[in-house]
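**Q**
In UniProt numbering, the protein residues as written are 1 to 44.
1. Please state if the CB of residue 17 and the CB of residue 34 are separated by a distance shorter than 9 angstroms.
2. Taking the straight line between their C-alpha atoms, what separation do you get for residue 30 and residue 3?
3. Can you list, in chain order, the residues of its chain whose CB lies under 8 angstroms from that of residue 40, leaving out five sequence neighbours each side?
4. Can you give me the C-alpha to C-alpha distance between residue 42 and residue 36, rounded to a whole angstrom?
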């Protein structure tokens, strides 16, 4: 559906890094998943 990029504190990196929030429709719900751009394989 869409994405938003922002800077936020990451506990894994122990620093303020760029994060990407992805928004998707799951039936009647809007689901957001947040990922740090430095380790995009881990969903926060």
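C-beta: ideal position from N, C-alpha, C; glycine also.
Bear in mind that the values here come from a model prediction, so they are computed numbers and not experimental data.
**A** So, to answer that:
1. If you number the chain shown from 1, residue 34 lands on position 34. If you number the chain shown from 1, residue 17 lands on position 17. No; because the gap between Cβ atoms is not below 9 angstroms, this pair is not in contact.
2. The count along the chain shown starts at 1 and reaches residue 30 at position 30. The count along the chain shown starts at 1 and reaches residue 3 at position 3. The alpha-carbon atoms of residue 30 and residue 3 are separated by roughly 12 angstroms.
3. The residue given as residue 40 occupies position 40 in the chain shown. Within the same chain, residue 40 has close Cβ partners 20.
4. As a first step, residue 42 must be located in the chain shown, where it is residue number 42. As a first step, residue 36 must be located in the chain shown, where it is residue number 36. The straight-line gap from Cα to Cα measures roughly 8 angstroms.
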